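Written out below as structure tokens is the structure these notes cover.
Protein chains: 2
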Amino acid sequence: MLVITGKTMVYLCVGHPTDHVKAPEVFNDLFRDRGIDAVTIAVDVAPEDLAAFVEATKGWRNLIGFGLTIPHKEAVVPLLDELDPTAQRTRAVNTVRRLPSGRLVGGLFDGLGFVQGLRDAGRDPRGMSVLVVGAGGVGRAIAFALAEAGASSMAIANRSRPRAERLVDDIAQIVPGVSVDVGSIGSGRYDLVVNATSLGMHEDDDLPFALDSLAPGTVVAEAVMSPEVTALLVEAERRGLTPHRGRAMRDAQMDVVARFIGV
Amino acid sequence: MLVITGKTMVYLCVGHPTDHVKAPEVFNDLFRDRGIDAVTIAVDVAPEDLAAFVEATKGWRNLIGFGLTIPHKEAVVPLLDELDPTAQRTRAVNTVRRLPSGRLVGGLFDGLGFVQGLRDAGRDPRGMSVLVVGAGGVGRAIAFALAEAGASSMAIANRSRPRAERLVDDIAQIVPGVSVDVGSIGSGRYDLVVNATSLGMHEDDDLPFALDSLAPGTVVAEAVMSPEVTALLVEAERRGLTPHRGRAMRDAQMDVVARFIGV
């Protein structure tokens, strides 16, 4: 049972909106399991209010840190004091640790979590031909991590093409040896296709991409965690493709995040 | 059982330090009893960080509001958009409601709570001769409320005399008909003596004042709520005086505060 007192430390999940976030349940279970007197709450802050909010966390002394979700993962970067190497490369952050001095250190664990989640399901990305759909914070994180995990060729699809091109350039520059280009669902043959857009979070969302060009057995992976089974995963299963839940990414990154925030 | 999700609203208790605050337990019980999906946490913010913190709450959309405790009750006043009449008179605030527009409205319920707590214990302050020791946020609130509740004469004691004088002037100006002056524990005959300092919160604190000059039966009241029984109350009881717990103030003001923040 969760009992909050004046001594309880706090961890936040900052997004806009926050109705869909699962972090409070997940982290509160973690804190309880580990016997840590800390609580996680969701904080709904719109983009125009993010800078003032992050500034305020520097003086919040019983704050452990905070997670960031849509739409703040990239916007938070210039507001922090320090970035870990992955966050620095991808210019996106999903976890911030508040040091006792008030300094804020950003890390990015979506990508590592995604790759680890694939491996946990017996799907090593090494040598795979991959399409990442979505070049926002999550897409960048996942694409970098797949490139570093040894994907042989990568394509990036994004509604706004310049953003896809920027990610292609960044990967080419930082991860040598991977073949990477702007692509689309119909433009190649893929072993793994990742939905790194937010499409699928809401019931009336369109599918993020059509599945008809994919060969049987292709892994169709979600970054969307809630709902756990999206329309995309249902449709992939129906077509004889191999669905892979966004939940796997979250489960795999819990330990890493906990270590980063020091709990 | 308290289950926090992405939809849970938030209420804060802001102080420095916050180890002693009871608001999380009290408000979380209230929310549970009323079936409200909201959670209260303590926020430890030092005086130099208060302005940035309060500014940030304007953009925190799932925030109901926040309570303020030592040492922020007066410092918060210029940071708010609006004050209720009691807060305006006393220039102190213990409760802030965040309107959906982001506007912050301050109210002060310590004083009303204190007077109501006295009445609930069968001790109407009307006609009493009163000494209030401490002229900070809580002292101001209690002194104003006692004056308005019909105390016949009032004395204000404070370590810093100018602060006591300012409170005397303010009461004289705003509440006509009450005789009010700077005083001290030995300088008069009182029916009620109130500890409105923070002395008593910590185990090794000195007594806020000596009790030897008080006549048997004098009510010795605490504004300190934690611990519930302070050394002052123990000593008062031992001497045949009438101890009155700070807890009575808190219990009496819960409903008023809940109405103010709209839960």
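Residue numbers (my numbering), protein chains in the order written: chain A, 1 to 263; chain B, 1 to 263. Virtual Cβ for every residue (Gly too), placed ideally from N, Cα, C. Computed from a prediction, not measured in an experiment: that's the story for all the values here.
Annotated three-state conformation of MET154(B) is strand, per DSSP. Taking ILE4(B) as reference, the option from VAL132(A), LYS7(A) and THR18(A) with the minimal CA-CA separation is THR18(A). Going by DSSP, ALA42(B) is part of no alpha helix (DSSP H) but of the beta strand (DSSP E) stretching over 38-44. The three-state reading of DSSP puts ALA196(A) in coil, since its state is none of H, G, I, E or B. The residue from LYS22(B), ASP44(B) and LEU146(B) with its alpha-carbon nearest to that of MET201(B) is LYS22(B). Residues of the region 8-20 of chain A with a C-beta less than 7 Å from any C-beta of chain B: THR8, VAL10, THR18, ASP19 and HIS20, listed in chain order.
Listed along the chain, the chain B residues whose CB falls inside 9 Å of the CB of ARG61(A) are HIS16, PRO17, THR18, VAL43, ASP44, VAL45, ALA46 and ASP49. Taking 9 Å as the CB threshold, GLU148(A) stays off the interface with chain B. Contact between ALA155(A) and VAL182(A) holds, since their C-beta atoms are separated by about 7 Å, short of 8 Å. When secondary structure is reduced to three states using DSSP, GLU228(A) falls in the coil class, being assigned neither helix nor strand. In the DSSP secondary-structure assignment, ASP181(B) is bridged to ALA155(B). Annotation: the continuous alpha helix (DSSP H) that includes PRO85(A) extends over 85-90. Under the three-state reduction of DSSP output, ALA56(A) falls in the helix class. Residue burial is scored here from C-beta neighbours: SER179(A) has fewer than 16 other C-beta atoms within 10 angstroms and is therefore classed as exposed. A distance below 9 Å separates the beta carbons of GLY134(B) and PRO208(B).
Within chain B, no residue has its CB atom less than 7 Å from the CB of VAL175(A), the nearest being about 34 Å off. According to the DSSP assignment, MET9(A) belongs to the beta strand (DSSP E) that extends over 9-15. DSSP places GLY127(A) in the coil class of the three-state scheme, outside both helix and strand. In this model, THR230(A) and MET249(A) are separated by some 15 Å (Cα to Cα).
At a C-beta separation below 8 Å, PRO24(B) has these neighbours in chain A: ILE4, THR5, GLY6 and THR8. Under the DSSP assignment, VAL219(A) falls in the beta strand (DSSP E) whose first and last residues are 219-222. With contacts defined by Cβ atoms closer than 9 Å, SER153(B) and VAL130(B) form a contacting pair.
Around ASP84(B), the same chain offers GLY107 as residues with beta carbons nearer than 6 Å, after the five sequence neighbours per side are excluded.
VAL219(A) and LEU104(A) have their C-alpha atoms spaced approximately 37 Å apart. Under the Cβ distance rule, VAL133(B) does not count among the residues neighbouring chain A, no pair being separated by less than 9 Å. Taking the Cα positions, ARG91(B) is about 13 Å away from ARG163(B).
Taking every protein chain shown into account, the CB of GLY6(A) has 16 or more other CB atoms within 10 angstroms, so this residue is buried. Put simply, of GLN116(B), VAL76(B) and LEU233(B) the residue whose alpha carbon is nearest the alpha carbon of ARG97(B) is VAL76(B). Taking 9 Å as the CB threshold, GLU55(B) lines the interface with chain A.
Here LEU63(A) is near VAL43(B), since their CB atoms are less than 9 Å apart. Taking a 10 Å sphere around the C-beta of ASP206(B), we find fewer than 16 other C-beta atoms and assign the residue as exposed.
Residue environment: ALA210(A) is assigned as exposed (fewer than 16 neighbouring CB atoms within 10 Å of its CB, all protein chains considered). Taking 8 Å as the upper bound for CB-CB distance, ALA223(B) and PHE66(B) are not in contact here, some 20 Å apart. Assigned with DSSP and collapsed to three states, ILE64(A) falls in strand. Taking 8 Å as the cut-off between beta carbons, none of the residues of the region 222-236 of chain A comes near chain B.
Between PRO71(B) and the set ASP49(B), ASP191(B), GLU55(B) and GLU82(B), the nearest pair of CA atoms involves ASP49(B).
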